[in-house]
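J.: Questions regarding the structure given below will be posed in turn.
In the working numbering, the protein residues as written are 696 to 1159.
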């Protein structure tokens, strides 16, 4: 029977990071994957969605500033093959790293495990393979929530977010259930490729995890492109002669809506394990319960990534995977501060946040104040002819320490890292204004909003 120091189950961001880190610190490592190397992130979610978002953004710009010769079908046909080549290249990169660091890659499905042995069914021949281990890291990922019409998914007209980017054609009308990150990103792709979009959201505003002024600006910016039905409840979905009909309710009023395609984007839930696996404790949402060191009730079995509580983000999963492997050999691993993990929605414009939004700061009884700085006075922004936006910061009243920031702009994903770094080092608005920001850049707006916030302080850090 084969044996190894560490077995990792799942090769997404948490899994491949854990495997590579484990090998680097001297462990023998094997990783088991039932799907494709790279997991959901590389093959279904992060990479394909950003590829199509970039493609659709280029298409929108070509329509805006030129007499575009592109058609929707030609745009897809020319780039669909490139997407496949891109994913193959990225999987090849991971495979190269595994070989470089001596990680054994096992294509197969985890059948069962106890606290010292796993059994997997190999994908190539169906043979059972038993492997002894000293440590096990579960990075089994997540899947779309099935709480909304999952029994009606047909892979063609009624889809989950997992199937949404497997384009066979561009539908005339698309209804998207959910105005969070996944729903709005998919809506942006379909809109730029020619579909008419309706987004239905149970809450009173889109992207509800952000402050209301950010959500309101997002709504205002995207309303010409999307029809938002907010504070609606979906009561039914049925098909008649190939046409989909939804029944909706808002308050006591009833509505109906017809469409060509429905895409369900109402969140994700952790993947479960085979019933023959060792019993691990979960919470009522399906997350594995672990301690601060990611350990389960068995000290040699850890869980990282989407299967443990926290934001379901690839960069969070990646950092947890690295920490999990370091903690196996008692090496110092920086504790993961979930409050400092940036969250980005890759729409046009992008929306990003890090730290506490206003509602969270208020619930913690923190005395704070906020300021915004618009990009409309920024020279670099004005020269780009892009959609507007602003940067917002929440600051502690007593210390000037940065509690959180939010950005809405095409380059939010890059700008949010700057404020995230200041927060990591417990920076204040005084630290920000002492930094030099190059001109002309969008980052100068970070300096501007910090300067505005300093006006809320008196000479001895007393509030005016």
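All C-beta atoms in this analysis are idealised placements derived from N, C-alpha and C, irrespective of residue type, glycine included.
Can you tell me the Cα-Cα spacing of residue 884 and residue 750, whole angstroms?
T.: Using only the alpha carbons, I get a separation of about 8 Å.
J.: Count the other CB atoms within 10 Å of the CB of residue 1048; is the residue buried (16 or more) or exposed (fewer)?
T.: Residue 1048 is buried by the Cβ-count criterion.
J.: Nearest-angstrom Cα distance between residue 912 and residue 1082?
T.: Spanning the two alpha carbons is a distance of roughly 11 Å.
J.: What three-state label does DSSP hand residue 1086 in the structure shown?
T.: Here residue 1086 sits in strand by DSSP.
J.: Exposed or buried, which one is residue 919 when buried takes at least 16 other CB atoms within 10 Å?
T.: Exposed is the call here.
J.: Does the distance from the C-beta atom of residue 887 to that of residue 754 stay below 9 Å?
T.: Their beta carbons are under 9 Å apart, which means residue 887 touches residue 754 by this criterion.
J.: Any contact between the stretch 1054–1063 and the stretch 861–871? By contact I mean 3 or more CB pairs, one from each, below 8 Å.
T.: No, the stretch 1054–1063 is not in contact with the stretch 861–871.
J.: Give the straight-line distance between the Cα atoms of residue 678 and residue 717, rounded to the nearest whole angstrom.
T.: Past the boundaries of the shown model lies residue 678; the chain is included only from 696 to 1159, so the question cannot be answered.
J.: Between the beta-carbon of residue 1128 and the beta-carbon of residue 1146, is there less than 9 Å?
T.: Closer than 9 Å, so yes.
J.: For the alpha helix (DSSP H) that residue 1011 lies in, which residues bound it at each end?
T.: Per DSSP, residue 1011 belongs to the alpha helix (DSSP H) from 1009–1023.
J.: Can you tell me whether residue 1158 is helix, strand or coil according to DSSP?
T.: Low per-residue confidence applies at residue 1158: pLDDT is 44, beneath 50, and the placement is therefore not dependable enough to give any value.
J.: Just curious, the beta strand (DSSP E) that residue 1099 is in, first and last residue?
T.: Per DSSP, residue 1099 belongs to the beta strand (DSSP E) from 1097–1104.
J.: Which term fits residue 1134, buried or exposed, when burial requires 16 or more other beta carbons within 10 angstroms of its beta carbon?
T.: So residue 1134 counts as exposed.
J.: Would you kindly work out how many angstroms separate the C-alpha atoms of residue 982 and residue 706, rounded to a whole number?
T.: Rounded to whole angstroms, residue 982 to residue 706 spans 18 Å at the Cα level.
J.: Would you check if the distance between the CB atom of residue 1111 and the CB atom of residue 1102 is smaller than 9 Å?
T.: Yes, the pair counts as a contact, with Cβ atoms nearer than the cut-off.
J.: Is it buried or exposed for residue 1021, if we count other Cβ within 10 angstroms and need 16 for buried?
T.: By the neighbour-count rule (16 or more Cβ atoms within 10 Å), residue 1021 is buried.
J.: When you compare only the Cα positions, how much space is there between residue 1153 and residue 1089?
T.: Legend: pLDDT at residue 1153 = 47, less than 50; position of this residue unreliable, no value from coordinates given.
J.: Exposed or buried, what is residue 1080 when buried is set at 16 or more other beta-carbons lying within 10 Å of its beta-carbon?
T.: Residue 1080 comes out exposed.
J.: Tell me the start and end of each unbroken alpha helix (DSSP H) in the stretch 885–964 that is at least 4 residues and wholly inside, in chain order.
T.: Taking only runs of at least 4 residues, the alpha helix (DSSP H) segments lying wholly in the stretch 885–964 are 907–917.
J.: Starting from residue 803, follow its DSSP beta bridges and name the residues at the other end.
T.: Partner(s): 817.
J.: Where does residue 936 land, buried or exposed, given buried means 16+ other C-beta within 10 angstroms?
T.: With fewer than 16 other Cβ atoms within 10 Å, it is exposed.
J.: Return the first residue and the last residue of the beta strand (DSSP E) that residue 699 is part of.
T.: Here the beta strand (DSSP E) through residue 699 covers 697–704.
J.: Would you kindly work out how many angstroms separate the C-alpha atoms of residue 702 and residue 999, rounded to a whole number?
T.: Their backbone Cα atoms lie some 13 Å apart in a straight line.
J.: Starting from the Cα of residue 1023, find the closest Cα among 832, 820, 905, 710 and give me that residue.
T.: Selected option, being the one with the closest Cα: 832.
J.: Tell me which residues share the same chain as residue 748 and place their Cβ nearer than 7 Å to its Cβ, disregarding the 5 neighbours each side in the sequence.
T.: So the qualifying residues of the chain are 880, 883, 884, 1041.
J.: For residue 877, which option in 850, 1073, 1039 has the closest C-alpha, if you only look at C-alpha atoms?
T.: Cα-wise, what sits closest to residue 877 is 1039.
J.: Considering residue 714, what are the terminal residues of the beta strand (DSSP E) in which it resides?
T.: Unbroken run through residue 714 is the alpha helix (DSSP H), 708–719; no beta strand (DSSP E).
J.: When the Cα of residue 861 is compared with those of 1119, 744, 990, which residue comes out closest?
T.: Comparing Cα-Cα distances from residue 861 to each of 1119, 744, 990, the minimum goes to 744.
J.: Out of 1150, 821, 727, 1055, which has the shortest C-alpha to C-alpha gap to residue 1099?
T.: Cα-wise, what sits closest to residue 1099 is 1055.
J.: When DSSP labels each residue in this structure, what does residue 743 get in the three-state scheme?
T.: In this structure, residue 743 counts as helix in the three-state DSSP scheme.
J.: Within its chain, find whatever has a CB closer than 8 Å to the CB of residue 951; leave out the 5 residues flanking it on each side and keep chain order.
T.: For residue 951, where only same-chain residues beyond five positions count, the Cβ hits under 8 Å are 940, 941, 942, 943.
J.: So, using beta-carbon positions, are residue 726 and residue 714 closer together than 9 Å?
T.: The answer is yes: Cβ separation under 9 Å.
J.: To the nearest angstrom, how far is it from the Cα of residue 970 to the Cα of residue 835?
T.: Looking at the two C-alpha atoms, the distance is approximately 14 Å.
J.: In the DSSP assignment, what are the bridge partners of residue 827?
T.: Per DSSP, 698, 812.
J.: Our contact map puts residue 923 next to residue 894 with C-beta atoms below 8 Å; I'd like the distance itself, whole angstroms only.
T.: About 5 Å; that satisfies the 8 Å criterion.
J.: Distance check for residue 1033 and residue 1019, CA to CA, integer angstroms please.
T.: One C-alpha to the other measures close to 15 Å.
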